[in-house]
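Chains as they are written, first to last, in the numbering used here: chain A, 1 to 324; chain B, 1 to 536.
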């Protein structure tokens, strides 16, 4: 097991490097110039030349990449071309916000998907199943930004400001700034709408997947055996059927992290959250290459690590699975 | 006497009530000290070196953390900032500023003549790379007469010296020489504690990019009793719907720049909100490219005529008679802007109405196009670029496309993001016409930055030095009446040549909660929180 984890961790390195290289080349190929963002109305040819030299943007693309890589090896993620701020410092400030959003949106997704899928599977072709399936279809079809605006209009505007519309209150212990609001209740209030907006789409997908998986599992012989042994329905469904049906769902959950990061860009922008999503999109818009690289690096690491964790949970869900 | 007695009670009662009402009203208008002003910006602050950072968001921070020599009021009067008095020599070549004795930088050092000299010389130094440098072209030298007296010597008279020091971009922001030498440029850009040192009413506490910017009251600010607020917190809310929800919820007190297309909704949702606007000082333009690099190398000095718009007849057909400015204003701004042709917007100093020179006349447009060789046999097609920064741009290009179709011209819309637009426009890239609203203009002089032949922002790349002559004559003329005459002549010249093509003014809105008091609206030029207080 330890060897397996070590091997997977080592595999992260080439994967992440490949991702950062592709992102770097893609950023260089799109129109626009970070120097234009940097200088704004101070743009002149001579200022632009000076800035390019200062930030090494006049060097060949691959040289720029290897300079970035060389710094990375020494633990230096570079500095934003625009603000001059160290990328790693900004990433670490923003990471807890996005991590919390992703974890909670996944929790929202599971909280909806598991009961809906169980009901759908156990009451197949009844109104309950049709309702769960229909709601799932609607959930998949509604984009995050639309649901986010709806939530905003209902809970922030319509219900007299029941929930705050924007901003962030940190989960106690996660704030790294001098001036910061941190409280459990404030944090819950701020994360609720974004997590729902991001989680509902995933819930719909997971419901459909888990329902199909459950339908397959509840017809297997070991479930029939469990029932024949006289076990009540609850342990049969939760312990025997659900646990085994979860394996494909967990795989998809891992893959969904990428979509969640993409969705976080939209949701964080809508709710004005200081997370990695807004960090990434601001960087792309400004062509702040260093910051984009930082964003790509952290999301690639997060994606690979989360998928490793997903793979490891298979051993818990199905003891027959062994890693060597 | 006896008959008066029954009235005495009610009279006394009414008097008491009146006096209480007056007292309450007086108390309500007496500024209250303390509290936190929560401000929303629609865009991120680029960085915090005030002399080089781009964007209004940075400027509105600079104006509160920093101080300068003078400020300008909405009616164009100059008021002293760090300077107590100032005078100009009779030949217009010497400006002498007497500084207040009690002005301190946030690091405790004194704001003296040496600091003024240091700051201006830093702005003028090409190595600094400041966008303000071009405005100091007329400055010959800065001399320290004594610790509290500084003299700016000019190479030639410059009628807009005080305007420039007060309100061109940030105006002059004084830097503490001690702090500037102690910290690096990178420290300042990042907003490291202690690196961003000004002499304004608020000191920078923290900037978390993408999070917040916090400024606290500077207790040793030179204006006694000011500022009233304890703290200002600035957050970035990019989505106008979220911004409106946050405002309605009372999560923010002030929206520093509000999108015009949502003003009606804001009014309906918040009838008590203070919606501030004023004269239009930003031009909405549909610029037409005049020259392109002959050798294909961007920014090449060797220029060739643009294949379409180098022909003045085509510029006139398309930009003058082919564009229905009233229709654009009606559709894009719901009538809340002024159709305009002049080189500077309707609210800028010395603007001139030359709308009669460009009446909407599709028949005349078609005739001009035919004269230039375009018609059904050879239809004119060009690319109409705009960017995604403001949704109103998209509406305008759509209307223009429709208007072009009416004169037999095809305008192909190219929608790009702001940086791509800036790169194409600033770096002499490929484009034919673009729609944008550029910068807010305090004076006609400040537009030289965008339209003289040598200006980096001369996007159309016209090479007509008559434009430069007009700007120079205008800026050096010290007689306001003669200056106004030059402005008129220039506006007519511009409407004829159309190197610069204004469509309308671009309205600017700020929104404040009813409890925010003491703010003086002065468009984008002056955003000061020193006299703001919260009545709650």
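Virtual Cβ for every residue (Gly too), placed ideally from N, Cα, C.
Review point. With 16 as the cutoff for other CB atoms within 10 Å, does residue 155(B) come out buried or exposed?
Key: exposed
Practice item. Check the Cβ of residue 129(B) against every Cβ in chain A and list those closer than 9 angstroms, keeping chain order. Key: 39, 42, 44, 46, 47, 50, 51
Point to revise | CB contact below 8 angstroms: residue 91(A) versus chain B | key: no
Practice item. Please classify residue 176(A): is it buried, with 16 or more other beta-carbons within 10 angstroms of its beta-carbon, or exposed? Key: exposed
Point to revise | Nearest-angstrom beta carbon gap, residue 518(B) and residue 532(B) [assumed within contact, 8 angstroms] | key: 5 angstroms
Practice item. State the CB to CB distance for the pair residue 280(A) and residue 301(A), rounded to an integer number of angstroms; the pair is presumed to be in contact (CB under 8 angstroms). Key: 14 angstroms between Cβ atoms; not a contact.
Point to revise | Beta-carbon proximity list for residue 26(B), same chain, < 8 angstroms, skipping 5 on both sides | key: Confidence in residue 26(B) is poor, its pLDDT being 48 and thus under 50, which makes the residue's placement unreliable; the coordinate value appears in the next sentence. Excluding positions up to five away in sequence, the list is empty.
Review point. Which of the three DSSP states, helix, strand or coil, is assigned to residue 61(B)?
Key: helix
Check your understanding: Going straight from the alpha carbon of residue 137(A) to that of residue 210(B), what length do you get?
Key -> 35 angstroms
Check your understanding: In terms of DSSP beta bridges, what is residue 412(B) paired with?
Key -> 383(B)
Point to revise | Spatially closest choice to residue 187(A) from 295(A), 96(A), 106(A), 241(A), by CA coordinates | key: 96(A)
**Study point:** Within 7 angstroms of chain A by C-beta, residues of the region 45-74 of chain B in sequence order
**Key:** 46, 47, 52, 54, 55
Review point. Alpha carbon to alpha carbon, how far is residue 537(B) from residue 370(B)?
Key: One cannot answer for residue 537(B) here, as it falls past the ends of chain B, which runs 1 to 536.
Practice item. Pull up the CB-CB distance for residue 237(A) and residue 122(A), whole angstroms please, since I reckon it's below 8 angstroms. Key: 7 angstroms
Check your understanding: Where does the unbroken beta strand (DSSP E) through residue 146(B) begin, and where does it stop?
Key -> 139-146
Check your understanding: What residues in the region 226-244 of chain B bring their beta carbon closer than 9 angstroms to a beta carbon of chain A?
Key -> 231, 233, 235, 236, 237, 238, 239, 241, 242, 243, 244
Review point. Using a beta-carbon distance below 8 angstroms, is residue 267(B) in contact with chain A?
Key: no
Review point. Can you list, in chain order, the residues of its chain whose CB lies under 7 angstroms from that of residue 56(A), leaving out five sequence neighbours each side?
Key: 64, 67
Review point. Given a limit of 7 angstroms on CB to CB distance, which residues of the region 249-279 of chain A reach chain B?
Key: 269, 270, 271, 272, 274, 278, 279
Review point. Would you say residue 347(B) and residue 505(B) are within 8 angstroms of each other, going by their C-beta atoms?
Key: yes
Practice item. Leaving out five residues on either side along the sequence, give the residues of the same chain with a beta carbon under 7 angstroms from the beta carbon of residue 22(B). Key: Legend: pLDDT at residue 22(B) = 48, less than 50; position of this residue unreliable, no value from coordinates given.
Practice item. Give a yes or no on whether 8 angstroms exceeds the smallest Cβ distance from residue 197(B) to chain A. Key: no
Exercise for review: Quick one: using the 10 Å Cβ neighbour count with 16 as the cut-off for buried, is residue 44(B) buried or exposed?
Suggested key: buried
**Study point:** Every unbroken beta strand (DSSP E) within the region 251-319 of chain A, with a cutoff of 3 residues, ordered by chain
**Key:** none
Point to revise | Range of the contiguous beta strand (DSSP E) that encloses residue 149(B) | key: 149-154
Point to revise | Candidates 207(B), 417(B), 201(B), of which the one nearest residue 224(B) by Cα | key: 201(B)
Review point. For residue 206(B), does the three-state DSSP call read helix, strand or coil?
Key: strand
Practice item. Quick one: residues in its chain with C-beta nearer than 6 angstroms to the C-beta of residue 460(B), no 5 flanking neighbours on either side, listed in chain order? Key: 287, 289, 290, 499
Exercise for review: Could you check which residue in 355(B), 406(B), 390(B) has the C-alpha nearest to that of residue 379(B)?
Suggested key: 406(B)
Check your understanding: Is the Cβ of residue 22(B) closer than 8 angstroms to any Cβ of chain A?
Key -> In this prediction, residue 22(B) scores a pLDDT of 48, lower than 50, which makes its location untrustworthy; the coordinate-derived value is nonetheless stated afterwards. No - not a single Cβ of chain A is within 8 angstroms of the one on residue 22(B).
Review point. Within the 8 angstroms Cβ cut-off, does residue 304(A) reach chain C?
Key: Among the chains of the structure shown, chain C does not appear; the protein chains present are A and B.
**Study point:** Contacts that residue 292(B) makes with chain A (C-beta to C-beta distance below 9 angstroms)
**Key:** Here the premise fails: no neighbours, minimum Cβ distance about 16 angstroms.
Check your understanding: Count the other CB atoms within 10 Å of the CB of residue 130(A); is the residue buried (16 or more) or exposed (fewer)?
Key -> exposed
Review point. Since residue 436(B) sits in a beta bridge, which residues does DSSP pair it with?
Key: 285(B)
Exercise for review: Check the Cβ-Cβ distances between residue 133(A) and every residue of chain B, and say whether any is below 8 angstroms.
Suggested key: no
**Study point:** Residues from the region 68-85 of chain A in contact with chain B, defined by Cβ distance under 8 angstroms
**Key:** 79, 80, 82, 83, 84, 85
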